[in-house]
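Numbering (the working numbering), first residue to last: 154 to 344.
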């Protein structure tokens with residue numbers, strides 16, 4: 154009995170040390186990269202039918218962004234250019250900028266401060282913003298440049314898979330700044 158108690162104590166101590174090491178590694182990684190991409194990306198299969206319509210890019214309210222308009226568009230398109238460089242390096246066609254997907258991405262970006270997740274703040278799935286056109290989603294927070302956000306996505310297996318998915322042909326990126334923290338959303342489409 155004494156032997157098993159010593160073994161159990163040793164296992165508990167090893168477990169606690171392992172948790173401390175993993176937590177420290179996560180904190181150090183976040184400090185080094187300056188942001189978070191999460192451990193998963195979101196993806197839905199291509200539908201059998203063509204979607205009925207697109208989204209009006211004017212449906213979003215960009216008024217709470219501390220920077221908006223052309224600055225936002227230029228920054229988002231710079232990120233798409235970096236994504237397309239990665240696709241070209243892997244023998245894939247460039248993604249086309251899609252205003253409707255960008256509008257959907259902007260809606261999702263404004264939701265992230267309250268729920269950094271592929272679920273929306275109301276608990277519904279990420280693609281319910283624009284279910285006819287959204288088929289892949291990458292999220293990031295805390296990165297204040299296109300280079301940093303795209304590098305983080307490319308260093309995450311699931312985010313990289315979305316970026317390099319041959320079937321995707323369009324992309325929209327939403328960027329939202331809240332309290333000095335940047336939130337990035339990349340939406341992918343088949344059309």
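Beta carbons are placed, not taken as given, at the ideal position from N, Cα and C, and that holds for glycine.
These numbers were taken from a predicted model, which means no experiment stands behind them.
Distance, Cα to Cα, residue 249 vs residue 162? Their Cα atoms are separated by approximately 58 Å.
What are the uninterrupted segments assigned as beta strand (DSSP E) that are 3 or more residues long and contained completely in the segment 238-307, given in chain order? 289-294
Residue 318 by DSSP, collapsed to three states: which one? In the structure shown, residue 318 sits in coil (DSSP, three-state: anything other than H, G, I, E or B).
Residue 148 to residue 322, Cα distance in whole Å? In the structure as shown, the chain begins at 154 and stops at 344. Residue 148 is therefore absent and cannot be evaluated.
Decide if residue 179 is buried, meaning its Cβ has at least 16 other Cβ atoms within 10 Å, or exposed. Any reading at residue 179 is ruled out, since the residue's pLDDT is 43, under 50, leaving its predicted position unreliable.
Alpha carbon to alpha carbon, what distance is there between residue 266 and residue 329? Residue 329 and residue 266 have their C-alpha atoms roughly 9 Å apart.
Applying the criterion that 16 or more other CB atoms from any shown protein chain within 10 Å of the CB defines a buried residue, is residue 253 buried or exposed? buried
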